[in-house]
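Residue numbers (my numbering), protein chains in the order written: chain A, 23 to 515; chain B, 23 to 515.
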């Protein structure tokens with residue numbers, strides 16, 4: 023390999039130094055760069071394309087289920103933030119404040135939105151008069167800012183991050199619950215069907231809910247390094263925001279009633295989970311469902327075969343494009359095939375078509391899967407169907423590997439030593455019985471930085487909260503007090 | 023009409039009080055509301071849908087012509103803004119400053135981006151090594167903030183506004199010019215083909231260029247009230263940003279050279295121009311090319327005909343949806359047809375289908391155009407083709423009216439009295455000869471608030487700047503000095 027292709031390659035190892043490896047993949051696959059201000063990143067074309075893929079997939083689901091997109095101001099007056107006490111307590115320490123406009127000091131400081139409940143709720147109040155106006159379902163795609171002083175990790179920990187935030191109002195608690203589960207289900211589908219990442223659904227423990235929420239539901243994804251990622255959350259806010267912001271409506275009998283609200287969000291952390299789950303020491307790996315380029319064709323020629331090989335390759339590219347695949351024909355003169363193979367592997371193109379003079383002569387095509395380099399030869403005439411099948415195979419390989427990782431890494435433990443030992447040795451989730459006291463989480467967290475990432479729910483998905491099932495052991499796995507809940511401990515991103 | 027439908031209607035008149043009328047249409051058609059902080063608006067579902075329509079149309083054109091979407095941080099360190107002197111002078115008076123993160127004062131103030139050249143250019147420098155990296159074409163869809171102390175006018179004058187900003191780097195001045203014209207042409211197409219608004223192309227006078235630009239090109243649209251709207255701008259930045267931020271590249275001979283950059287943007291002001299151009303005293307009017315709902319079906323029934331009418335209407339809705347039209351079947355029980363007619367007129371649905379028992383019996387459909395209520399009857403069997411044709415007719419009506427307004431309102435004048443008199447009496451554009459001195463613009467501006475909104479160009483569209491054609495008169499229309507340029511005066515938004 024030339025020096026240039028060494029520079030191209032990933033030098034860190036996913037299994038030995040996952041943090042450094044992750045940072046290297048993000049930069050070398052052209053997903054993001056670090057901005058000059060700590061905590062901020064620049065999202066480059068290939069990284070932004072992933073976000074656009076996520077947006078397209080989710081946005082069409084939202085719209086098909088009654089959600090309208092809107093845009094609220096990026097600033098929130100301080101007095102608005104203060105109207106819901108949990109919100110101000112929850113976010114005040116991490117708000118970026120605008121204090122000056124031009125050369126003048128503002129009369130009231132403006133928060134750069136850390137989340138938009140406080141600016142959206144007053145308008146929901148205004149727009150909600152009658153039960154006929156409900157449910158009211160709004161969503162916005164935007165960025166938010168949370169001034170956390172932690173090390174920057176692109177897509178996982180940044181002071182500004184992209185997300186969507188949905189905000190809805192309902193006439194009943196049942197309708198609000200239906201909303202919460204609809205959105206959580208859509209997040210689950212995004213992870214499983216588009217990102218090829220199986221997730222666990224559950225709720226956050228009481229002490230870890232969204233500020234002001236009655237219940238926070240979550241989808242959690244297990245990374246290969248044994249840590250959990252909170253993939254997206256969907257909150258039943260009960261009536262706390264409706265009461266703080268006077269969201270009321272006239273019911274069928276013209277009686278004034280207080281609404282129920284929800285909010286739900288998915289951030290570009292989904293991109294982080296995507297990278298972390300599938301990629302390897304050769305670089306980015308993407309399921310074909312989200313890859314901006316699904317198929318790359320690398321023609322391999324000598325001077326005397328060049329015209330034939332390129333013509334044959336271009337015809338195949340045309341056929342695949344006409345069939346709706348996203349295809350790149352890499353006919354660069356200045357790079358040799360080996361360099362190109364490495365580069366497209368680094369960038370995570372799911373399927374490579376290699377076409378040399380033998381393929382032209384035999385009217386065949388050689389197909390190579392990312393990530394495992396499995397090679398097949400298919401007939402030229404059946405290339406469209408073959409590509410379709412091979413892309414499905416690539417997806418299945420990725421999903422299956424992630425599913426195996428998840429299935430093999432949920433373990434039970436019923437004493438502090440066992441919990442600590444299991445997480446310390448294997449990572450993953452440790453299922454235990456829990457008394458419900460935050461102190462028991464703290465006891466574990468202090469020793470091994472693992473926390474309760476979720477509690478499973480039974481009978482969820484309808485118009486009620488669902489219930490945390492009874493644990494097999496009736497003593498708390500940490501303190502030994504009576505326990506009637508199940509909790510999943512894990513280290514998390 | 024009921025009280026409720028009076029509340030629904032527009033009470034101001036477009037011809038007598040265009041400003042009040044505009045504000046009323048924006049609010050009553052559900053496009054936007056005023057935010058609690060002066061200068062900010064909340065973009066409601068029907069308003070945001072217009073922005074999404076514009077995004078979809080432009081974004082696909084950008085992508086088809088080599089542009090990649092990216093996302094840069096919303097904050098720019100003060101020291102970065104200061105690196106290009108024209109930018110800092112141009113924007114400093116209207117920057118919103120973040121001074122605190124959480125409870126701590128920041129070491130360096132951060133500007134909320136008023137435009138992103140200063141944060142994008144350093145990365146362009148980093149990403150540009152060789153001539154092979156050029157042209158580099160980046161775009162982002164985002165909002166920006168400019169702290170101007172003027173009266174809020176939704177989509178026209180707001181402190182935060184949505185836009186797209188394109189930023190490119192090139193190996194030559196010719197390549198930069200080609201870029202400038204490509205983007206201006208795409209803006210022109212958006213206005214003319216999607217928004218049904220004819221525009222004039224030209225350049226801004228030297229003293230009104232974008233800070234730091236060599237040339238600012240513009241598309242200008244004439245509103246029915248005689249004022250011009252700057253529809254979008256495309257700037258040739260020459261080498262000033264490349265020099266300030268060291269955007270250099272190795273050419274074919276490995277010599278280091280300085281790049282040429284451009285930037286170009288279109289904001290939600292396009293929505294303002296859209297509303298202002300076509301709407302009327304009944305409310306919003308939208309061309310079918312941008313209308314979120316293109317066709318509304320209003321069934322008209324008595325109790326004994328209800329089932330037949332609704333079934334017939336639903337079948338037609340299905341046929342139209344299957345053909346790709348965006349259709350709403352308004353089968354609300356609690357509203358009468360007259361109320362529905364008014365509401366859909368207010369909301370700007372281009373085509374209304376009225377279906378009563380007679381239509382069912384005769385296997386026909388009655389179609390009504392927005393804005394002129396022209397009525398036709400078409401056969402049920404040919405409804406898909408008929409709707410297609412009628413939507414085209416609606417588009418043509420709107421475009422033709424706007425084109426007539428433009429054609430009839432470009433007048434020539436060659437003395438200050440004549441310029442002032444013509445604009446005072448008719449509004450519109452006044453074409454005159456100009457010596458190039460800003461003082462001549464000031465002389466007119468002081469008296470009648472009209473300015474030079476553009477200068478026409480000859481031979482533009484290629485790889486050069488184009489030239490301002492020779493005027494018919496060789497004396498400046500304002501001061502009488504020798505003049506070799508043409509200028510268009512107009513009042514503007």
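A virtual CB, placed ideally from N, CA and C, is assigned to each residue, including glycine.
*Taking 7 Å as the cut-off, decide whether the C-beta atoms of residue 287(A) and residue 203(A) are in contact.*
Within the first chain, numbered from 1, the residue matching residue 287(A) stands at position 265. Within the first chain, numbered from 1, the residue matching residue 203(A) stands at position 181. Cβ atoms of residue 287(A) and residue 203(A): not closer than 7 Å.
*How big is the Cα-Cα spacing for residue 154(A) and residue 168(B)?*
Taking the first chain and counting its residues from 1, the one referred to as residue 154(A) is at position 132. Taking the second chain and counting its residues from 1, the one referred to as residue 168(B) is at position 146. Approximately 39 Å, taken between the alpha carbons.
*Please list, in chain order, all residues of the same chain as residue 194(B) whose beta carbon is under 8 Å from its beta carbon, the five residues on each side excluded.*
Here residue 194(B) is taken as the residue at index 172 of the second chain, counted from 1. Contacts found: 282.
*For residue 132(B), return the contacting residues in chain A, with the cut-off set at a CB-CB distance below 9 Å.*
Taking the second chain and counting its residues from 1, the one referred to as residue 132(B) is at position 110. Chain A residues near residue 132(B): 59, 118.
*In chain order, what residues of the stretch 50 to 75 of chain A put their CB closer than 7 Å to some CB of chain B?*
55, 57, 58, 59, 62, 64, 65, 66, 67, 70, 74
*Runs of beta strand (DSSP E) lying entirely within the stretch 373 to 438 of chain A, each at least 3 residues, in chain order*: 373 to 377, 386 to 391, 397 to 401, 432 to 434
*Counting pairs of beta carbons, one from the stretch 157 to 172 of chain A and one from the stretch 110 to 120 of chain A, are three or more of them closer than 8 Å?*
yes
*Which of the three DSSP states, helix, strand or coil, is assigned to residue 25(B)?*
Mapped onto the second chain, residue 25(B) falls at position 3. Any reading at residue 25(B) needs caution, since the residue's pLDDT is 44, under 50, leaving its predicted position unreliable; the model's value is listed next. Helix.
*asked:* By the three-class DSSP mapping on this structure, what secondary structure does residue 466(A) have?
replied: Looking up residue 466(A) in the first chain gives position 444. Residue 466(A): helix per DSSP, three-state reduction.
*asked:* In this structure, how does DSSP classify residue 325(A) when only helix, strand and coil are distinguished?
replied: For the purposes of this step, residue 325(A) is taken as residue 303 along the first chain, with counting starting at 1. It is coil, neither helix nor strand.
*Quick one: grab the DSSP three-state call for residue 215(A).*
Position 193 of the first chain, counted from the first residue, corresponds to residue 215(A). Correct three-state label for residue 215(A): helix.
*asked:* Suppose you measure from the CA of residue 450(B) to the CA of residue 325(B); what does that come to, to the nearest Å?
replied: Here the question's residue 450(B) lines up with position 428 in the second chain. Here the question's residue 325(B) lines up with position 303 in the second chain. Computed Cα separation, rounded: 54 Å.
*Identify which residue in 59(B), 74(B), 55(B) has its Cα closest to the Cα of residue 65(B).*
In the second chain, counting from the first residue as 1, residue 65(B) sits at position 43. Answer by Cα proximity: 55(B).
*asked:* Cβ closer than 7 Å: which chain B residues qualify as neighbours of residue 90(A)?
replied: Working through the first chain from its first residue, we reach residue 90(A) at position 68. Correct list: 67.
*Taking C-beta pairs closer than 9 Å, name the residues in chain A that residue 184(B) reaches, listed in chain order.*
Numbered from its first residue, the second chain carries residue 184(B) at position 162. Under the 9 Å cutoff, chain A gives 93.
_Nearest neighbour of residue 87(B), chosen from 331(B), 161(B), 74(B) [CA to CA]_ = Here residue 87(B) is taken as the residue at index 65 of the second chain, counted from 1. Closest option to residue 87(B), Cα to Cα, is 161(B).
*Express the C-alpha separation of residue 179(B) and residue 26(B) in angstroms, rounding to a whole number.*
Within the second chain, numbered from 1, the residue matching residue 26(B) stands at position 4. Within the second chain, numbered from 1, the residue matching residue 179(B) stands at position 157. Because the pLDDT of residue 26(B) is 49, which lies under 50, any placement of that residue in the model is unreliable, and the question is left without a value.
*Just the C-alpha distance for residue 28(B) and residue 365(B), rounded to the nearest angstrom, thanks.*
Translated into the one-based positions of the second chain, residue 28(B) becomes position 6. Translated into the one-based positions of the second chain, residue 365(B) becomes position 343. A caution first: residue 28(B) carries a pLDDT of 49, below 50, which makes its placement in the model too unreliable to give a value.
*With DSSP run on the structure shown, which of helix, strand or coil describes residue 59(B)?*
On the second chain, residue 59(B) is found 37 positions in, with the first residue counted as 1. Coil, per DSSP.
*Buried or exposed: where does residue 245(B) fall if 16 or more other Cβ atoms within 10 Å of its Cβ makes it buried?*
Mapped onto the second chain, residue 245(B) falls at position 223. With 16 or more other Cβ atoms within 10 Å, it is buried.
_Using only the alpha-carbon positions, how far apart do residue 458(A) and residue 241(A) sit?_
Sequence index remark: in the first chain, residue 458(A) carries index 436 (1-based). Sequence index remark: in the first chain, residue 241(A) carries index 219 (1-based). Spanning the two alpha carbons is a distance of roughly 20 Å.
*Do you know how far the Cα of residue 299(B) is from the Cα of residue 321(B)?*
In the second chain, residue 321(B) corresponds to position 299, counting from 1. In the second chain, residue 299(B) corresponds to position 277, counting from 1. For residue 321(B) and residue 299(B), the distance between alpha carbons rounds to 31 Å.
*Taking Cβ-Cβ distances shorter than 7 Å, what residues in chain A pair up with residue 165(B)?*
The residue you call residue 165(B) lines up with position 143 of the second chain. Here the neighbours are 96.
*Under the rule that 16 or more other beta-carbon atoms within 10 Å means buried, what is residue 404(A), buried or exposed?*
Taking the first residue of the first chain as 1, we reach residue 404(A) at position 382. Residue 404(A) is exposed by the Cβ-count criterion.
_Does the contact criterion of 3 or more C-beta pairs under 8 Å hold for the stretch 41 to 50 of chain A versus the stretch 64 to 78 of chain B?_
no
*Please decide whether residue 372(A) counts as near chain B, where near means a Cβ-Cβ distance under 7 Å.*
Taking the first residue of the first chain as 1, we reach residue 372(A) at position 350. So no, residue 372(A) is outside the interface.
_For a cutoff of 7 Å on Cβ pairs, would you count residue 177(B) as touching chain A?_
Taking the second chain and counting its residues from 1, one reaches residue 177(B) at position 155. Not closer than 7 Å to any Cβ of chain A, the Cβ of residue 177(B) fails to qualify, so no.
*Using a beta-carbon distance below 7 Å, is residue 224(A) in contact with chain B?*
Looking up residue 224(A) in the first chain gives position 202. No, its Cβ sits nowhere closer than 7 Å to a Cβ of chain B.
*Go to residue 77(B), then tell me how far its beta strand (DSSP E) extends in each direction, as first and last residue.*
Residue mapping note: residue 77(B) aligns to position 55 of the second chain, counting from 1. Premise fails: residue 77(B) lies in the alpha helix (DSSP H), 67 to 86, not in any beta strand (DSSP E).
*Going by DSSP, what residues sit across from residue 504(A) in a beta bridge?*
Translated into the one-based positions of the first chain, residue 504(A) becomes position 482. Residue 504(A) pairs with 497(A).
*Throw me the rounded Cβ distance for the residue 268(A) and residue 40(A) pair, which I believe falls under 8 Å.*
Along the first chain, read from residue 1 onward, the residue named residue 268(A) stands at position 246. Along the first chain, read from residue 1 onward, the residue named residue 40(A) stands at position 18. 48 Å between Cβ atoms; not a contact.
*Helix, strand or coil for residue 133(B), going by three-state DSSP, please let me know.*
Here residue 133(B) corresponds to residue number 111 of the second chain, with the count starting at 1. Three-state DSSP puts residue 133(B) in a strand.
*asked:* Please confirm whether residue 124(A) has its beta-carbon closer than 7 Å to some beta-carbon of chain B.
replied: Taking the first chain and counting its residues from 1, one reaches residue 124(A) at position 102. By this cut-off, residue 124(A) is an interface position.
*Where do the ends of the beta strand (DSSP E) carrying residue 451(A) lie?*
In the first chain, residue 451(A) corresponds to position 429, counting from 1. Counting along the chain, the beta strand (DSSP E) containing residue 451(A) begins and ends at 451 to 456.
*By how many angstroms is the C-alpha of residue 367(B) removed from the C-alpha of residue 335(B)?*
As a first step, residue 335(B) is located in the second chain; it is residue number 313 there, counting from the start. As a first step, residue 367(B) is located in the second chain; it is residue number 345 there, counting from the start. Roughly 19 Å separates the two Cα atoms.
_Below 7 Å on C-beta distance, what does residue 121(A) contact in chain B?_
Locating residue 121(A) in the first chain gives position 99, counting from the first residue. Result: 119, 121, 122.
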